[in-house]
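Letter by letter, the sequence shown follows residues -19 to -1, 1 to 781 in mature numbering (1 follows the signal peptide of the UniProt record, and there is no 0).
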Amino acid sequence: MDFLSIALGLLFAVTLIQSLLTLTSTNRSKNLPPGPAPLPIIGNLHQMGNKPHQSLPRLAKIYGLIMSLKLGRVTTVVITSAAAGKEVLQKQDLAFSGRSVPDAVNAHGQAQFSVVWLPVGSRWRSLRKVLNSNIFSGSRLDANQHLRSKKVDELIAYCRRSCQAGFGQRIKEVVEKISGVAGKPKLVDYFPVLKKIDPQRIRQHMAVNFGKVLERFDGLFNERLDFMRLRKPVGSNDVLDVLLNVAEEDPDEIDRTLIERMCLDLFVAGTDTTSSTVEWAMTELLRNPGTVPFFIPRRVEVDVEMWGYNIPKGAQVLVNAWAIGRDPSLWEDCLAFKTERFLASELDAILSHTRRKSKNFPPGPAPLPIIGSLHKLGDQPHQSLAKLAKDYGPIMSLKLGRVTTVVISSSDAAKEVLQKQDIAFSSRSIPDAVNAHSQSQFSVVWLPVGSRWRSLRKILNSNIFSGSRLDANQHLRSTKVEELVSYCRKSCQAGEAVDDSAKEFKELVRSIMAEAGRPNLVDYFPVLKKIDPQGIRRRMTVHFGKVIELCRGLINERLELRRLNKPVGSNDVLDVLLNIAEVIPDEIDVTHIERMCLDLFVAGSDTTSSTLEWAMAELLLNPVTMAKAKAELEQVIGKGKIIEEADVSRLPYLQCIVKEALRMHPAVPFLIPRRVEVDVEACGYTVPKGAQVLVNVWAIGRDPTLWEDPLSFNPERFLASELDVRGRDFELIPFGAGRRICPGLPLAIRTVPVMLGSLINSFNWELDGGVASKELAMEEKFGITLQKAQPLRAVPMPLV
């Protein structure tokens, strides 16, 4: 069901409560960002279309790079420029650090445990610290490099078997159900009054999917804990070991539940975005013609002044990374895939802090009664909001149901929100679905910025994603890459089609992502929260429950091993978290570990796979770029060899390809919604208290004022550029910025180039079925992560 279908269905369904809702609606006299006038009830939902990341940049041409819309009852501000993105993600990062939590993510209470959805607070900080320090730190990634290398080897071997068999192979078959549910428009998210009835049953479906994943994790945890108790060597020292070690050392900071939810986040989000980026890059290489188009929506908890507009409290903010990556004012030939543009570039997506500005609400479309601007979102809201931003400006305000939403569509505005006023925008607008299993109360993604958030964030930063931890676990990643290549090689030698392994788990993760991304009435009409009219929270509860059960099993297994004084040997994320839980039990316990694992695995899996898929697709669309990439790899690494993480720094063109794929296909097009808790002055506007803030990174990546020929895949644009994805440059912020920046960034920038480079260096590639490169479908499927509407099918061929 897309946004327009929701809008039409609501025109007669909630008319009787229009007067009541109007009494509590946000006052637009506070100078919201410009935007299209909303229709009654549905608001601007009808303008979103099926590709909102493209629809919104078109609106941005009319209303400006900061544009406001009404999506059902939710006021939404769409950021469609690098400057506006910088305002939201850097300058006023704190004000925009809240999350607009989809109802589906409340399944199994995931939003209460996930570092993605938790509001900025002590719990979020604690989980984020765990990720940054123990999972994604440079040292940890370096230590686990061997695991990733091993997986690349397995991938290449897997493709080689398919190559000899001559069968087409889908690059990405990860977390399908969760991503599918996450990508569905959810009535509850636009009409929160429907939350209790969950009319689309999205939360219910997501609960089932989450439950399956958590169930798997539970088994893994129990096994690992048994090894730790028995002191049996594990040998991997993977993420699970690291998290378990952290939980053991500091149980007050992270517990089993948090590990489960963190693993869920990592697996689902990381897998799909990485595969998506690779698929897009491969597509561009075959044709010559950012995985998440919108960052995860933010939410403002207070009125925020930005660029002369007022972002009202409770508004969600979408940063259209897709539009920014195609902004002709930022990117030369922005629609061309030119990896060279990054060769001499240090463009970064991690944003630092700055400040805030003036008053009055950002402009935006006039909302319709009840639905606000929900009808303008369509089924591709990142595109719809980018279109609206053309009319209302880079900072735009909308009413989505009952939710005031500020959309950031420019790099300057994004910098204001994510850097200059990061604190003001640091709260989360929590989707109802994330409340499944109370996940939002445990997740570093959804926790408010406070002591709990800080504690969890510290665990992530120091024990999971720190450089030292990543270095220490590099051998684990290398081992997994080797296993993957070996697996592909065996299939190639046997002449067999590549098998779809772990299908049940992949479908579970995809189901969670699908429910989380589906438009939910409850999120836009909070009065519906108890009835959950679409059933999104109920389904999400089932999905989360399965993931939590899986994580619990893993934790119990690992604890049992420890109890028996058996060596584990892996020192992976779970071990790290358990160690922390032992040292500081007041900061993290088993529950926190379970939920942290849910976050890590669900979020990490889907975003990673999505990124890889998009990158591969873009490369397959551009044979000239593919040839250049192969030539560089052959010269630097050697033909047919697997890439190590240490090799990436010597492969500038490969890095440009990844940057270009992230510019055009950001994994999360709006980022995770933020929320302001007080009125905030930003970019001359007032962002009202409670407004959710969306940074449309999809729109910023396609902004013609930032990018020359923004719709062309042209890696060459980065060759003589210093632009990078680490947050210093708001033209390219696929991972977000500020204190809410994706904690897994250090791991992603190590993993994606290694996997992509190993794939293209080990095989020649052709599209399945004799499809010509120019005929490769590149349509997008909107959700929490930006998927290819038609999964990539490519055939690996032997190197000559």
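Beta carbons: idealized from backbone N, C-alpha and C, even for Gly. Please read all numbers here as calculations on a predicted model, not as lab measurements.
(request) Determine contact between the segment 51 to 69 and the segment 702 to 719, defined as no fewer than three beta-carbon pairs at a distance below 8 Å. (result) yes
(request) Have a look at 193, 185, 110 and flag the residue whose alpha-carbon is nearest the alpha-carbon of residue 568. (result) 110
(message) Measuring CB atoms only, is the segment 29 to 42 touching the segment 363 to 374, in the sense that at least three cross pairs come out at less than 8 Å?
(response) yes
(request) Could you spell out where the alpha helix (DSSP H) holding residue 187 opens and where it closes? (result) 183 to 210
(request) Please state if the CB of residue 24 and the CB of residue 429 are separated by a distance shorter than 8 Å. (result) no
(message) Nearest by alpha-carbon distance to residue 342: which of 296, 292, 309 is it?
(response) 292
(message) Looking at the strands, I want to know which residues DSSP matches up with residue 723.
(response) According to DSSP, residue 723 bridges with nothing at all.
(message) Rounded to the nearest angstrom, what separates residue 196 and residue 528 at their Cα positions?
(response) 5 Å
(message) Is it buried or exposed, residue 69, if we count other Cβ atoms within 10 angstroms and call 16 or more buried?
(response) buried
(message) By alpha-carbon positions, which one of 565, 617, 67, 778 ends up nearest to residue 706?
(response) 67
(message) Looking only at its chain, what residues have a beta carbon closer than 6 Å to the beta carbon of residue 765, apart from the 5 residues adjacent to it on each side?
(response) 163, 494, 497, 498
(request) Might you give, ordered along the chain, the residues of its own chain that have their beta carbon closer than 7 Å to the beta carbon of residue 723, omitting 5 neighbours on each side? (result) 716, 717
(message) Once DSSP output is grouped into helix, strand and coil, what is the label at residue 312?
(response) coil
(request) Rank 675, 388, 501 by C-alpha distance to the C-alpha of residue 174 and give the top, closest one. (result) 501
(request) Kindly indicate which three-state DSSP category residue 419 falls into: helix, strand or coil? (result) helix
(request) Check each candidate in 41, 746, 405, 582 and name the one with the smallest Cα separation from residue 346. (result) 41
(request) Have a look at residue 630 and residue 695 and give me their C-alpha separation to the nearest angstrom. (result) 20 Å
(message) Let me check understanding here. Comparing Cα to Cα, which of 207, 192, 190 lies closest to residue 544?
(response) 207
(request) Check each candidate in 657, 296, 312 and name the one with the smallest Cα separation from residue 77. (result) 657
(request) Output the residue ranges of the alpha helix (DSSP H) runs that lie fully inside the segment 628 to 712 and measure 4 residues or longer, sorted by chain position. (result) 633 to 645, 678 to 681
(request) Using the Cα positions of residue 100 and residue 294, report the straight-line distance between them to the nearest angstrom. (result) 15 Å
(request) Would you please state the rounded distance, in angstroms, between the beta carbons of residue 561 and residue 235? I believe it to be under 8 Å. (result) 5 Å
(message) Just to confirm before moving on: does the CB-CB distance between residue 353 and residue 51 stay below 8 Å?
(response) yes
(message) Contact between the segment 412 to 428 and the segment 297 to 315 is defined here as three or more beta-carbon pairs at a separation below 8 Å; is this criterion met?
(response) no
(request) Give the secondary structure of residue 373 by DSSP, where H, G and I count as helix, E and B as strand, and everything else as coil. (result) helix
(request) Check residue 48 in the structure and name its three-state DSSP category. (result) strand
(request) Look at the alpha carbon of residue 331 and the alpha carbon of residue 22, and state the distance between them as a whole number of angstroms. (result) Summary for residue 331: the model assigns pLDDT 35, below 50, so the residue's position carries little reliability; its value from the coordinates is reported in the next sentence. Each residue's Cα considered, the two are about 38 Å apart.
(message) What does the alpha-carbon distance come out to for the pair residue 662 and residue 378?
(response) 14 Å
(request) Determine the direct distance from the alpha carbon of residue 565 to that of residue 771, and round the result to whole angstroms. (result) 47 Å
(request) Going by CA-CA distance only, name the one from 73, 282, 227 that's closest to residue 116. (result) 227
(request) Let me know if residue 781 comes out buried or exposed under the rule of 16 or more other beta-carbons within 10 Å of its beta-carbon. (result) exposed
(request) Tell me, please, whether the segment 182 to 190 touches the segment 512 to 523 by the rule of three or more beta-carbon pairs shorter than 8 Å. (result) yes
(message) Going by DSSP in three states, residue 414 sits in which element: helix, strand or coil?
(response) helix
(request) State buried or exposed for residue 616, treating a residue as buried only when at least 16 other CB atoms are found within 10 Å of its CB. (result) exposed
(request) For residue 538, count neighbouring C-beta atoms within 10 Å of its own C-beta (all shown protein chains included) and say buried if the count is 16 or more, exposed if not. (result) buried
(request) Determine the closest residue to residue 98 out of 613, 44, 413, 211, with distance taken between C-alpha atoms. (result) 413
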